[in-house]
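Engineer: All residue numbers for the sequence shown refer to the numbering used here, where the first residue is 851 and numbers rise by one.
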Amino acid sequence: MEETLQETKDVKLIKPVDRWVYCKKRDVVCYENIIFGRNFVVSFDKPILEIAVNKHIAIRTESEVALIDLEGDIIWRKKIKANAICCCNGRVVVGVGKKILMFNTDGEKVFSKRVGKVLALDFDGNLFVVATDKGLKCLDTEGRKIWELSLKANLVRIGYAVAVSNYNDLVLLTKEGQILWNKKLDEIIYDVEFGENTIAVYTYGSKVKFDFEGKIVEVVKENYDFKFLPLPYILIPKKIEEVKALLRLSKSLKPKIVKKLVKMAEKTFKKREYGKSYEFLLKAIEELKRLQLVIKIPKKVYLNEDFTIRVGYMNVLHDVVDNLVVDLTDLEKYFEVEPKTVEFPPVRRGMIVRSDVKAVPKFEGLFRVTINATSSVGDVSKELEIVVGKRKIFRLFRRKKEEESFVELLE
851 MEETLQETKD VKLIKPVDRW VYCKKRDVVC YENIIFGRNF VVSFDKPILE
901 IAVNKHIAIR TESEVALIDL EGDIIWRKKI KANAICCCNG RVVVGVGKKI
951 LMFNTDGEKV FSKRVGKVLA LDFDGNLFVV ATDKGLKCLD TEGRKIWELS
1001 LKANLVRIGY AVAVSNYNDL VLLTKEGQIL WNKKLDEIIY DVEFGENTIA
1051 VYTYGSKVKF DFEGKIVEVV KENYDFKFLP LPYILIPKKI EEVKALLRLS
1101 KSLKPKIVKK LVKMAEKTFK KREYGKSYEF LLKAIEELKR LQLVIKIPKK
1151 VYLNEDFTIR VGYMNVLHDV VDNLVVDLTD LEKYFEVEPK TVEFPPVRRG
1201 MIVRSDVKAV PKFEGLFRVT INATSSVGDV SKELEIVVGK RKIFRLFRRK
1251 KEEESFVELL E
């Protein structure tokens, strides 16, 4: 399949919906190792982690950097393990270890500068802004330091100003290194674009437009027709730590399956199988959501004898859960139930609420029922199997000593 894709031009292809998208830029979208442009498709050996689009498209995988033109023709490619890339007017700048390197359109190295461990960078033709493990550095095209700030960042974009972000923190700087404003957004920031009067900030799920003063002028929800996972090497470790914190909070729920899923997520992340790793984390969160609704019944239930159903809810995933209602009407097919619904007050994170419901079995046998909970954060259901038995009555007969058995009388 990949060989066919490598040569395909000017055709509409069905996009590989089973693959994850780790990076996109305008109308260029990368489905793991396959890059789709407006009228071209090119494949690489490894998933594409970052692209930069200018007059050319610079591409970074975990083991290679490449430059292609806007028609999809490969200009050059190099076996380089880079952790950041950008391009401007035919020049490609990459971060490799503790250095930044510049290549021209012929693939020749024309610049090299040691700056510290490179995390992100951008280049506008006149200056470099590099995010390192020690902070931000701004250099001119001769490699001379212009300014330096102790700001952490995993994304850098240069326009009429400099935007840097660290996960969901956004800071806007002048090109002289002065901080203009900073904002905290709800999700990870994966791209920033400078418009004529606004700055568009792309988060995982929305596009937020700011004016130059830092005021929000527009928020647009982003709906993707693909499985999108921007900056997976940053997002997944954060997500793993979040789920581990939720595990500690939900210890009383005995989340064994969740622990296994987190271990699988860590294992696949180490193999750089980012999509699989994230899917394990999504399953872990779904399992935690299900575990929040707790239904307890006695081990033994008998026909026509009442028993207690304990209905509980522990809020693990949300700041507050409002309008929580547990519906037990499905039990009415086989049981007398009172009450049929249970309403709870707002439940803050870490809180547990409980209520007891009386039920009386109508029939003997094995019954499967569904208990539903609705709330401000969504719905969750739980299926139960209840075995109703019939109590056995034992009668003990004692024979009087003076009584003789029927057999004895016959002898």
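Beta carbons are placed, not taken as given, at the ideal position from N, Cα and C, and that holds for glycine. Only a predicted model underlies this, so the values are computations on that prediction, with no experimental measurement involved.
#1: Who pairs with K1034 in a beta bridge, going by DSSP?
#2: Measure from the alpha carbon of P897 to the alpha carbon of each residue in N904, E921, T911, then state which is nearest.
#3: Alpha carbon to alpha carbon, how far is T991 from F978?
#4: The beta strand (DSSP E) that contains F1060, what's its start and end?
#5: Out of R964, R1218, I1236, R1007, state which residue places its alpha-carbon closest to the alpha-carbon of K1149.
#6: I think A1134 touches L1111, with their Cβ atoms under 8 Å apart; what is that distance to the nearest whole Å?
#7: In terms of residues, what are the limits of the alpha helix (DSSP H) holding P1080?
#8: Return the Cβ separation of F1044 and G1009 in integer angstroms, given the expectation that the two are a contact with Cβ distance under 8 Å.
#9: Taking only runs of the beta strand (DSSP E) that begin and end inside the segment 1128 to 1204, which ones reach a length of at least 3 residues, in chain order?
#10: Within a Cβ cutoff of 6 Å, which residues of the same chain sit near T1053, ignoring the five residues on either side of it in sequence?
#11: State the Cα-Cα distance for the pair E1063 and V878, rounded to the nearest angstrom.
#12: Enumerate in chain order the residues of its own chain whose CB-to-CB distance from L1085 is below 6 Å, with the five nearest sequence positions on each side excluded.
#13: Buried or exposed: which applies to N976, given that a residue is buried once 16 or more other Cβ atoms fall within 10 Å of its Cβ?
#14: Would you call the segment 1222 to 1232 and the segment 1170 to 1188 touching, i.e. three or more CB-CB distances under 8 Å?
#15: Closer than 6 Å by C-beta to K1240: which residues in its own chain qualify, once you throw out the five before and the five after it? Chain order, please.
#16: Determine the extent of the alpha helix (DSSP H) in which L1111 is found, giving its start and end residues.
#17: When we look at the beta-carbon of D972 and count the other beta-carbons within 10 Å, is it buried (16 or more) or exposed?
#18: Can you tell me the Cβ-Cβ gap for A932 and V915, rounded? I've got them flagged as a contact below 8 Å.
#19: Would you say Y1184 and K1139 are within 7 Å of each other, going by their C-beta atoms?
#20: Determine the contact status of L1143 and Y1163, defining contact as a CB-CB distance below 7 Å.
#21: Name, in chain order, the residues that DSSP records as bridge partners for S1225.
#22: Which residues in the same chain as I1029 place their Cβ atom closer than 7 Å to its Cβ, once the five residues preceding and following it in sequence are excluded?
#23: If L986 sits next to V946, beta carbons under 8 Å apart, how far is it from one beta carbon to the other, in whole angstroms?
#24: Pick helix, strand or coil for S893, following the three-state DSSP scheme.
#25: Does the Cβ-Cβ distance between V1210 and L1234 come in under 7 Å?
#26: Got a sec? Which residues, its chain only, sit under 7 Å from D868 by beta carbon, not counting five neighbours each side?
#27: Give me the DSSP bridge partner(s) of E1207.
#28: Would you tell me roughly how many angstroms separate the C-alpha atoms of P866 and N883, rounded to the nearest one?
#29: Could you give the distance in angstroms between the alpha-carbon of E853 and the alpha-carbon of V1012?
#30: Put G945 into one of helix, strand or coil per three-state DSSP.
#31: Bridge partners for G1215 per DSSP, in chain order?
#32: What does the alpha-carbon distance come out to for the pair I996 and H906?
#33: If you drop the 5 nearest sequence neighbours on each side, which residues of the same chain put their C-beta closer than 6 Å to that of F961?
#34: Could you name each continuous beta strand (DSSP E) segment of 3 residues or more that falls completely within the segment 920 to 984, going from the start of the chain to the end?
#35: Determine the burial state of S913: buried for a count of at least 16 other Cβ atoms within 10 Å of its Cβ, exposed for fewer.
#36: Is the beta carbon of E900 sitting closer than 7 Å to the one on I935?
Structural biologist: According to the structure shown:
#1: D1019
#2: T911
#3: 7 Å
#4: 1056 to 1061
#5: I1236
#6: 4 Å
#7: Counting along the chain, P1080 falls outside any alpha helix (DSSP H), and DSSP gives it neither H nor E.
#8: 3 Å
#9: 1143 to 1146, 1157 to 1164, 1174 to 1177, 1185 to 1188, 1191 to 1194
#10: L1035, E1037, I1039
#11: 30 Å
#12: I1038
#13: exposed
#14: yes
#15: L1153, E1214
#16: 1106 to 1120
#17: buried
#18: 5 Å
#19: no
#20: yes
#21: G1228
#22: V1021, L1023
#23: In fact, because the Cβ distance is near 18 Å, the residues do not count as touching under 8 Å.
#24: strand
#25: no
#26: none
#27: Just to set this straight, residue 1207 is Val in the shown sequence, not Glu. For V1207, which the question treats as bridged, DSSP gives the partners I1159.
#28: 11 Å
#29: Its pLDDT being 38, under 50, E853 is placed unreliably in this model, and the value from its coordinates should be taken loosely. Roughly 40 Å between the two C-alpha positions.
#30: strand
#31: V1238
#32: 28 Å
#33: M952
#34: 924 to 928, 934 to 938, 941 to 946, 949 to 953, 959 to 964, 968 to 973, 977 to 982
#35: exposed
#36: yes
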